[in-house]
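Encoded as structure tokens, the structure appears first; notes follow it.
Protein chains: 2
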Amino acid sequence: MRNVTSDTITEAFLKTFGSETNPRLAFIMERFAHHLHAFARETNLTHEEWMRGIQFLEATGAISDDKRHEFVLLSDIFGLSALVDMLHSPEDGTSSSVLGPFHQENAPPLAVGGDLKKDNPGDVVLVEGIVKSVDGTPLGGAKIDIWQTATNGLYAAQDEAMAPFEFHATMVTGEDGRYAFTTVRPAPYTVPTDGPVGELLEATGRHPWRPSHLHFIVAANGHRRLVTEVFPRDDAYLDEDAVFGVRDDLIMEYVPQPPGTFPAGLELSGKVDGPWWKVSFDLVLCALKTAAPEKTLENCNAD
Amino acid sequence: MRNVTSDTITEAFLKTFGSETNPRLAFIMERFAHHLHAFARETNLTHEEWMRGIQFLEATGAISDDKRHEFVLLSDIFGLSALVDMLHSPEDGTSSSVLGPFHQENAPPLAVGGDLKKDNPGDVVLVEGIVKSVDGTPLGGAKIDIWQTATNGLYAAQDEAMAPFEFHATMVTGEDGRYAFTTVRPAPYTVPTDGPVGELLEATGRHPWRPSHLHFIVAANGHRRLVTEVFPRDDAYLDEDAVFGVRDDLIMEYVPQPPGTFPAGLELSGKVDGPWWKVSFDLVLCALKTAAPEKTLENCNAD
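So the protein sequences, as listed, match chains A and B.
Per my numbering, the very first residue in the first sequence carries number 185; after that it's consecutive.
Per my numbering, the very first residue in the second sequence carries number 185; after that it's consecutive.
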């Protein structure tokens, strides 16, 4: 190895692996080293540029903690998160989209028809739809994680004025597969720009805006888990999402509704006098090829 | 961009750049995204593997601080640091090699012939040579940064029992270009294995050993700055350095010397009775094409 050259270093790297190495890990490392080395050769990367990269990674690590996931953000703005989604998105059913860094585990339960708006400012929006299988069968007992920003563009974790789980909930569909909740229309917002990723966006002349969106994770027995988000058709950033999350089939509409028409059977029924808005969006899951528990990572028509 | 696919995301990424972006930065980002996306596609990277990668980067950031540079180590064990060295190593003169994470700025000055061993355990070694230009001209007034481990394989920054700059010094050559110092023979050592990089080495069946070595940075007016390290010919790890730093021309020898032969004119002269060891190694710098101060990044025969 003392005669390694810039042309042979990838091969030298591979020769260091032990014979017992997990084949999938070895393959991932091999492809990563191949592309990392090719990147350095093709750019003729200098020591100064290498050091700038190391400093960038150290700064990205330094700003990260349990609530701030700057490496996820870095992956997001490079389109890597969206690419991983697309590689494993089912051909049928609702497209998946980026999870983002603000999902919280163990959000409190909310009954179908419950309210997330509470006393927060903003117009009342009713979001509803059916969780169903690709063949149209409604999926009762499906669990939906719901999260979004307030009208100020901030998630609960970003805004000390909000309760920890404000605009976060989990809902279980009834036999009809229906979900429904009232909330506010979240604003477009910028990804966090006060860290190294923000500096990188600035240096490459990129804006940090995402179109307004509602996040969902949907899980139902015998079906592939769906991580997705939906976007309003009239959003100014629909074609320039900083994290590449928008898909054609994830576009919905806030449809204005006249005063006095708010429906019965919801937590806010009888309390909404003025105009309100309605979003209808069905969440369509693909069935697993086998529903056996040990095969839950198997997809219906994507690998 | 709402119709971006796994095949078009690299192009979509590039379209986000502002027109004022520094062309070199844009080129580096373009090549990085190209290879990052190709890596994800070729491995069909899963969400779980992506998340494992994010967790790895977060753990690498969490263990890093002013003294612990785990991202440098990561670059080292992937061969990226060595590759950057090789891309910019001069065709003539002493090869460059990995800086490593343990260089300290502002090490105390040591006169030519001075001693680094002090009261530390180990045999006395005299390291000496000439700093010269490729054409053979001795380079007086050259500044040499010298650093190494103690015989326990630890640098001062890793061992609280050592003074902060133990085995670190800076030396300026006289008119004859000569440098000389006494020290101990450092042991082979393992790179730090108590962090994420150590886990990665373990998972891929790689050992963490480096051959014993002495580090130098050499700077002389009108010449290209040299960052390098030298390795003993009889070291067991010469052909399997965990960070790919060994080059043929960086191999030297510890030559045993009989008792009573220690030379005059050194700080330890008259104090060494038993056997001692001698290392002779000339450090050969290439001249810059122009010595103008604003061109100091220009190399003599490499770009």
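For glycine and all other residues, C-beta sits at the position ideal for the given N, C-alpha and C.
Report the neighbours of residue i on chain B: residues whose CB is nearer than 8 Å to its CB, in chain order.
i	result
residue 432 of chain A	186 and 187
residue 193 of chain A	263, 266, 267, 270 and 428
residue 160 of chain A	In this structure chain A extends from 185 to 487, so residue 160 of chain A is not present and cannot be described.
Given this structure, state the Cα-to-Cα distance separating residue i from residue j, to the nearest angstrom.
i	j	result
residue 196 of chain A	residue 269 of chain B	16 Å
residue 476 of chain B	residue 469 of chain B	Caution applies to residue 476 of chain B, whose pLDDT of 46 falls short of 50 and renders its modelled position unreliable; the model cannot decide the point.
residue 472 of chain A	residue 229 of chain B	20 Å
residue 447 of chain B	residue 338 of chain B	29 Å
residue 445 of chain B	residue 459 of chain B	8 Å
residue 211 of chain B	residue 262 of chain A	14 Å
residue 420 of chain A	residue 330 of chain A	23 Å
residue 391 of chain A	residue 257 of chain B	33 Å
residue 434 of chain A	residue 264 of chain B	40 Å
residue 286 of chain B	residue 456 of chain B	30 Å
residue 241 of chain B	residue 217 of chain A	16 Å
residue 364 of chain B	residue 398 of chain B	13 Å
residue 246 of chain A	residue 380 of chain A	10 Å
residue 311 of chain A	residue 463 of chain A	5 Å
Quick check on the DSSP output: the beta strand (DSSP E) that includes residue i runs from which residue to which?
i	result
residue 316 of chain B	309-317
residue 397 of chain A	Counting along the chain, residue 397 of chain A falls outside any beta strand (DSSP E), and DSSP gives it neither H nor E.
residue 353 of chain A	352-356
residue 329 of chain B	327-331
residue 463 of chain A	460-464
So, is residue i buried or exposed, given that buried needs 16 or more other C-beta atoms within 10 angstroms?
i	result
residue 250 of chain B	exposed
residue 408 of chain B	buried
residue 235 of chain B	exposed
residue 301 of chain B	buried
residue 189 of chain A	exposed
residue 417 of chain B	exposed
residue 199 of chain A	exposed
residue 485 of chain A	With a pLDDT of only 45 at residue 485 of chain A, under the threshold of 50, the placement of this residue in the model should not be trusted, and no figure is reported.
residue 239 of chain B	exposed
residue 208 of chain B	exposed
residue 203 of chain B	exposed
residue 487 of chain A	The predicted model places residue 487 of chain A with a pLDDT of 40, which falls under 50 and marks its position as unreliable, so this point remains unresolved.
residue 340 of chain B	buried
residue 350 of chain A	buried
Anything in chain B within Cβ reach of residue i, meaning under 7 Å, just list it in chain order.
i	result
residue 425 of chain A	185
residue 255 of chain A	238, 241 and 242
residue 445 of chain A	None at all; the shortest Cβ gap to chain B is about 31 Å.
residue 453 of chain A	Near residue 453 of chain A there are no residues of chain B at all, since even the closest Cβ is about 35 Å away, more than 7 Å.
DSSP on residue i, reduced to helix/strand/coil?
i	result
residue 368 of chain B	coil
residue 362 of chain A	strand
residue 413 of chain A	strand
residue 439 of chain A	strand
residue 434 of chain A	helix
residue 340 of chain A	helix
residue 471 of chain A	strand
residue 251 of chain B	coil
residue 293 of chain B	strand
residue 202 of chain A	coil
residue 455 of chain A	coil
residue 407 of chain A	strand
residue 298 of chain B	strand
residue 373 of chain B	strand
residue 322 of chain B	strand
residue 483 of chain B	Annotation note: pLDDT 42 at residue 483 of chain B (below 50); position unreliable, coordinate value reported separately. Reduced to three states, the DSSP call for residue 483 of chain B is coil.
Taking residue i as part of the alpha helix (DSSP H), name the residues at either end of that continuous run.
i	result
residue 207 of chain B	207-227
residue 269 of chain A	264-271
residue 231 of chain A	231-246
residue 259 of chain A	254-261
residue 194 of chain B	193-199
residue 385 of chain B	380-387
Mind pulling the chain A residues with CB within less than 8 Å of residue i?
i	result
residue 212 of chain B	227, 229 and 233
residue 390 of chain B	200, 201 and 202
residue 219 of chain B	219, 220, 222 and 223
residue 246 of chain B	245 and 248
residue 387 of chain B	205, 206 and 209
residue 197 of chain B	262, 263 and 428
Could you list which residues in chain A have their beta carbon closer than 7 Å to that of residue i, in chain order?
i	result
residue 216 of chain B	223
residue 279 of chain B	By Cβ distance, chain A contributes nothing, its closest Cβ being about 11 Å from residue 279 of chain B, past 7 Å.
Which residues in chain A have a C-beta closer than 9 Å to the C-beta of residue i? List them in chain order.
i	result
residue 488 of chain B	Residue 488 of chain B lies beyond the stretch modelled for chain B, which goes from 185 to 487, so this question has no answer here.
Does residue i get closer than 8 Å to chain D when you measure Cβ to Cβ?
i	result
residue 356 of chain A	Considering every chain present, this structure includes no chain D. Its protein chains are A and B.
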